[in-house]
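*Asks:* Going line by line, the protein sequences match chains A and B. Take the first sequence: its letters are residues 1 to 890, numbered as in UniProt numbering. Take the second sequence: its letters are residues 1 to 220, numbered as in UniProt numbering. One structure coming up, written as structure tokens, with questions to follow.
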Amino acid sequence: MSHRLKGRGEEGDRSGRRPSRKQAARAEGAAGRRGAQPGQKEQAGGSPRPGSPRRKQAECRRHLEPLGEQGRSSAERTSKGRRKRDGRASLKKQRAPPKTEKEVSRQEEMWKRPKKHRPPSLASSASGAECLSEEERARILEQVEDSKKLIATMRNKPWPMTKKLRELREAQEFVEKYEGVLGKGKGKRLYAYRMLVAKKWVKFKRDFDNFKTQCIPWEMKIKDIESHFGSSVASYFIFLRWMYGVNLVLFGLIFGLVIIPEVLMGVPYGSIPRKTVPRAEEEKAMDFSVLWDFEGYIKYSALFYGYYNNQRTIGWLRYRLPMAYFMVGVSVFGYSLMIVIRSMASNTQGRASDGESANFTFSFKMFTSWDYLIGNSETADNKYASITTSFKESIVDEQESNKEENIHLTRFLRVLANFLIICCLCGSGYLIYFVVKRSQEFSKMQNVSWYERNEVEIVMSLLGMFCPPLFETIAALENYHPRVGLKWQLGRIFALFLGNLYTFLLALMDDVHLKLSNEETIKNITHWTLFNYYNSSGWNESVPRPPLHPADVPRGSCWETAVGIEFMRLTVSDMLVTYITILLGDFLRACFVRFMNYCWCWDLEAGFPSYAEFDISGNVLGLIFNQGMIWMGSFYAPGLVGINVLRLLTSMYFQCWAVMSSNVPHERMFKASRSNNFYMGLLLLVLFLSLLPVAYTIMSLPPSFDCGPFSGKNRMYDVIHETIENDFPTFLGKIFAFLANPGLIIPAILLMFLAIYYLNSVSKSLSRANAQLRKKIQALRVVEKSHKSVKGRRSTAESEDTAKDASQNATQLQLTEEGTTPHPASQNQTPGKKAQDPGTSSSASGTTLPASRHLSGAQPPGVRPDSGPARSQTHPWRSASGKSALRPPH
Amino acid sequence: MGGSGSRLSKELLAEYQDLTFLTKQEILLAHRRFCELLPPEHRSVEESLQMRVSLEQILSLPELKANPFKERICRVFSTSPARDSLSFEDFLDLLSVFSDTATPDIKSHYAFRIFDFDDDGTLNREDLSHLVNCLTGQGEDTRLSASEMKQLIDNILEESDIDRDGTINLSEFQHVISRSPDFARKPDPLFSCSAPLRLSCDRSHSVCPSKHPVREPFHC
């Protein structure tokens, strides 16, 4: 409680010292102050170092005596803070520029105003001071800065609120009173203005933060779920929300830069063949069954690739649509990569090294296993049970680490389970390939039924629906810890989805190649038709023939749109299957169990069907793969992202409702650990895998000749060449051509590899140094603790000598405190420092001192800023209460 | 009878925001929740800042109901002499420490005080066994046996008690906690992710009989 007060008591002690300095300065005369090299100044008025002139020391002594009394009471203050402060003060003093007499007098007036509260130092100095030197100003400046820092970090202090409030008010009052004093001459107004701006800025930032937190959607919903199901279920919803945000950005990109310009400025519907429904499809183009399959009018709309014209510029803005289309397609991937990697990196920051967590298994289980979000008694019961189990498990593990027979059995079962699952995966892959092949035959036939048309989607969705529970059943054989089990389950479902997706893609690619091979003949037919139409006989030659109606022009199959439609259908059917699964599997089951329980022969709730648990792994993977499909499809179907945004929005509400209404908490509760980037890693992998096919089609397949923004070009990326050649000045074109030269690219790649190799080895050596340092610190800590416990026993007999040792102990403790916190900067710096003097490990005190100097400001360790008597008066608390000195007061 | 719609003054709000890790909305919400615990005749702003709410009332909050450390939490944050009641400012302190944005340092500091059942500044064997009992619940089937308990505490002391004095002090505790793979992250799971009082508005946390979904299927 009294920490801060006592701290100020000590400040008072410094203030008591100050008049002496001032008198000394006065004694030296005004000339000394004015001309004054900084070094001299410090000698004259600076902190009383041991080497300062004798007469001043005498004066100092006189003023120090009363402060010694205060100093004795300041038991809680660590020496570090003061030293740091003094160190900074002396620096400031050195830097402070000389000042004119006028200013001094003006400042003095302000100085003399009565001050009630803060800093006793100032109040006391005002009484004794006739003039104000720059050193005084530096002091105020420093104190103002201290107060500001205090205001900023007040919330980190473990004090009760009343005390924090009082301290805050005092600090604010102090800052307000004195920060105006600090500007000098003409700079004063500027200074005040700057302070005002800074204050406004803080206020604005706070308001903005408030606004930002208010903007985060579904916070309450997620917190509600968190309290009922623990953090593992909530982590899915947080992930869903994050995904929604990413998709909103993608949607904004695509919608704002591609779809809206096309709709507003492009050639309207019906003007050219690619924007018109062909004559043969016209009568059925508005039927719902056709629209539902994304055929008809939807197929010839801005939602799909084929609708876009290959005009270089559109509208009065001369908007380069094909270029924009290409760049948006690239930047969708670029943005996604960036955001995924960035969130992964921010997750990894500050991670303690992995090797260390093994040392503290019990402590972690003890201190961090409770999920403080749980507000539901049933969830809490499950949590109690799971904690007990984990305690017991770890105790058993510790007692007998190997159980011979069981291990063999478990191994066998695990191998068996993996074998079964691989069989399932292969089977599902083959099934999909078979179905896709069959669908290609169907597509050649006329009159296919609804089932035959949608067979691929249905089979894929069914596989996605039934395989994960099957895997879970098989995984029960393995008997893993639920968190490990969850990872395996995720990995397996991932493999399943990936296999299915890639089989689907391969089959689709076959289809695309087929269409591409037919393209040449269709092109000829088109030309021939147009030629015949314009040159046919039997028409009045004088009147030019009206152009052929766009609906009648024969056209190619436009494989890009076909691919886009496939992805669109897949997304929609996936969404529907998810919702239907939730409705049937969770909701209807819950209803059945709930209401049939009254008239059933066994207890449905406790017995067989029971309620469903929320399937975290399945849902997360569903989300990730859905996103993969969006990434793959968005280049060929710009509207896909819009659909996905809708999907995520609805599934947020729907799943929130479903989980609250029809799911029960997990039987084996486990806390979501966010330290692993598992979801993000999966997402990154899927992003990369979905980038591959898109990049392949863009780089190596020729675009269709009569649809899409790149029609008529050899490859899609030619649009960049075209833009560079036509729109940029020629020298830029030359530069680009030069940059694209393999002779330049290969060295660049080599250079990058070298850089990666170099950085990698640097980070490895740093981490090795870190580990060594940590070991050293641990060893030191043990040595030093035993040392100190010995010291503590004979602390009754105190001498100057023990005090010195104890103070060193204190610095050592601080060192270990600072050194062991996972602070990247300090950890990275210390090895270098250590490496400089290898001989330091000879003795305990010898090792720590350089590091403590490094950590706690630029004070030489041996030379303490206090004078002799002060030190002898402050040492008792250090040695006596060694350990508790570090602990903030209760 | 102060209107429950009356708000805290702007200056006070700004100060509270400076001193806690809460946003303005959260502070207002906390104030509203706090006022609801007060008797209706003392709900004006001035009075609500002076009044104290007894421990029983705080413990009856749905957010704390299932927490095994609820009494410790309240006692640690209470500033009254008998440590049996919370003022609004104590309440804010509590929420601030448990909020998402609070720093690991302050969280581990208060965690230590919460786990220190006898308030003597170190975690000794009694504290640890008390802690284990809290974590394993009240049920007979989940309790650890005496030998298991001893084994467990021995292991914990083995790991964490660096100076071998038989107790864990604050710096040892913080040292261990800062090593936790989950701890250094922003939403750290010691007081994981957010407040136990989630400041949620709905007070209809009807705790269902066991084995029921949280809500009746046709609730929403």
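Note that beta-carbon positions come from the ideal geometry of N, C-alpha and C, so glycine has one too.
Taking the beta strand (DSSP E) that residue 52 (chain B) falls in, what are its first and last residues?
*Replies:* Run containing residue 52 (chain B): 52-54, per the beta strand (DSSP E) assignment.
*Asks:* Whose C-beta lies closer than 8 Å to the C-beta of residue 238 (chain A) among residues of the same chain, with five residues either side of it excluded?
*Replies:* Hits under 8 Å: 222.
*Asks:* Is it the case that the Cβ atoms of residue 154 (chain B) and residue 172 (chain B) are separated by a distance below 8 Å?
*Replies:* Cβ atoms of residue 154 (chain B) and residue 172 (chain B): not closer than 8 Å.
*Asks:* Is residue 250 (chain A) near residue 335 (chain A), with beta carbons less than 8 Å apart?
*Replies:* Cβ atoms of residue 250 (chain A) and residue 335 (chain A): closer than 8 Å.
*Asks:* Give, in chain order, every unbroken run of the beta strand (DSSP E) that is at least 3 residues long and sits entirely within the region 398-443 of chain A.
*Replies:* Complete beta strand (DSSP E) runs here, min 3: none at all.
*Asks:* Near residue 461 (chain A), which residues of its chain fall below 7 Å by C-beta distance, leaving aside the five closest residues on each side in sequence?
*Replies:* The residues are 573, 574 and 577.
*Asks:* For residue 571 (chain A), which residues from the same chain have a beta carbon less than 8 Å from its beta carbon, with the 5 sequence-adjacent residues on both sides left out?
*Replies:* Within the same chain, residue 571 (chain A) has close Cβ partners 626, 629, 630, 633, 640, 643, 644 and 647.
*Asks:* From the DSSP output, read off the bridge partner residues of residue 663 (chain A).
*Replies:* According to DSSP, residue 663 (chain A) bridges with A:612.
*Asks:* Strictly below 7 Å CB to CB, what residues from chain A border residue 156 (chain B)?
*Replies:* Ordered by position in chain A, the residues that pass the 7 Å Cβ test against residue 156 (chain B) are 362, 363 and 366.
*Asks:* Residue 129 (chain B) versus chain A: which residues are under 7 Å apart at the beta carbon?
*Replies:* Residues of chain A passing the Cβ test: none, with the nearest at roughly 11 Å.
*Asks:* Counting only C-beta atoms, is residue 103 (chain B) closer than 8 Å to chain A at any point?
*Replies:* So yes, residue 103 (chain B) belongs to the interface.
*Asks:* What residues from the region 208-221 of chain A come within 7 Å of chain D, judged by C-beta to C-beta, listed N to C?
*Replies:* No chain D is part of this structure, whose protein chains are labelled A and B.
*Asks:* Establish whether the CB of residue 45 (chain B) and some CB of chain A are separated by less than 8 Å.
*Replies:* No, no contact with chain A.
*Asks:* Rounding to the nearest angstrom, what Cα-Cα distance links residue 115 (chain B) and residue 652 (chain A) in this structure?
*Replies:* Taking the straight line from one Cα to the other gives about 38 Å.
*Asks:* Please name the residue in A:142, A:137 and A:171 whose C-alpha comes closest to that of residue 19 (chain B).
*Replies:* Among A:142, A:137 and A:171, the Cα nearest to that of residue 19 (chain B) belongs to A:171.
*Asks:* Assuming residue 328 (chain A) contacts residue 253 (chain A) (C-beta within less than 8 Å), just tell me the rounded distance between them.
*Replies:* Between residue 253 (chain A) and residue 328 (chain A) the Cβ distance is about 6 Å, and since that is below 8 Å, they are a contact.
*Asks:* In chain A, which residues lie less than 7 Å from residue 15 (chain B) when you measure between Cβ atoms?
*Replies:* Those are 165 and 168, listed as they occur along chain A.
*Asks:* Please state whether the Cβ-Cβ distance between residue 682 (chain A) and residue 412 (chain A) is less than 8 Å.
*Replies:* No, the pair does not count as a contact, with Cβ atoms beyond the cut-off.
*Asks:* Cβ of residue 391 (chain A) less than 8 Å from any chain B Cβ?
*Replies:* Residue 391 (chain A) counts as touching chain B.
*Asks:* In the DSSP assignment, find the unbroken beta strand (DSSP E) run with residue 231 (chain A) in it and report its ends.
*Replies:* Run containing residue 231 (chain A): none in the beta strand (DSSP E); it sits in the alpha helix (DSSP H), 231-254.
*Asks:* Check whether the region 506-522 of chain A touches the region 432-446 of chain A, counting contact only when three or more Cβ pairs, one atom from each stretch, lie closer than 8 Å.
*Replies:* Yes, the region 506-522 of chain A is in contact with the region 432-446 of chain A.
*Asks:* At 7 Å on the CB atoms, spell out the chain A contacts of residue 59 (chain B), in chain order.
*Replies:* None at all; the shortest Cβ gap to chain A is about 13 Å.
*Asks:* Can residue 565 (chain A) and residue 288 (chain A) be called in contact, C-beta distance under 8 Å?
*Replies:* Not in contact: residue 565 (chain A) and residue 288 (chain A) (Cβ atoms no closer than 8 Å).
*Asks:* Taking beta-carbon pairs under 9 Å, can you tell me which members of the region 168-181 of chain B lie near chain A?
*Replies:* The residues in question are 168, 169, 170, 171, 173, 174, 175, 176, 177, 178, 179, 180 and 181.
*Asks:* Closer than 8 Å by C-beta to residue 720 (chain A): which residues in its own chain qualify, once you throw out the five before and the five after it? Chain order, please.
*Replies:* Excluding sequence neighbours, residue 720 (chain A) sits near 323 and 326.
*Asks:* Pick out whichever of A:624, A:603 and A:384 has its Cα sitting closest to the Cα of residue 241 (chain A).
*Replies:* Of A:624, A:603 and A:384, the residue nearest in Cα terms is A:624.
*Asks:* Rounding to the nearest angstrom, what Cα-Cα distance links residue 546 (chain A) and residue 430 (chain A) in this structure?
*Replies:* Approximately 54 Å between the Cα atoms of the pair.
*Asks:* In the DSSP assignment, what residue or residues form a beta bridge with residue 314 (chain A)?
*Replies:* According to DSSP, which records beta bridges pairwise, residue 314 (chain A) is partnered with A:319.
*Asks:* Let me confirm a value: residue 368 (chain A) is counted as buried when at least 16 other C-beta atoms fall within 10 Å, else exposed. Which label applies?
*Replies:* So residue 368 (chain A) ends up on the buried side.
*Asks:* Determine, using beta carbons only, whether residue 512 (chain A) and residue 701 (chain A) come nearer to each other than 8 Å.
*Replies:* The answer is yes: Cβ separation under 8 Å.
*Asks:* Which residues mark the beginning and the end of the alpha helix (DSSP H) in which residue 141 (chain A) is found?
*Replies:* It spans 134-153 - the alpha helix (DSSP H) in which residue 141 (chain A) sits, taken as one unbroken run.
*Asks:* Less than 8 Å between the beta carbons of residue 177 (chain B) and residue 108 (chain B), yes or no?
*Replies:* Cβ atoms of residue 177 (chain B) and residue 108 (chain B): closer than 8 Å.
*Asks:* List the residues that DSSP assigns as beta-bridge partners of residue 168 (chain B).
*Replies:* Answer is B:123.
*Asks:* I need the straight-line Cα distance from residue 205 (chain A) to residue 131 (chain B), nearest angstrom please.
*Replies:* Cα-Cα distance, rounded: 41 Å.
*Asks:* Comparing alpha-carbon positions, which option in A:199, A:768, A:274 and A:521 lies nearest residue 549 (chain A)?
*Replies:* Closest by alpha carbon: A:274.
*Asks:* Between the Cα of residue 314 (chain A) and those of A:346, A:257 and A:584, spot the shortest distance and give me the residue it belongs to.
*Replies:* Minimum Cα distance to residue 314 (chain A) is reached at A:257.
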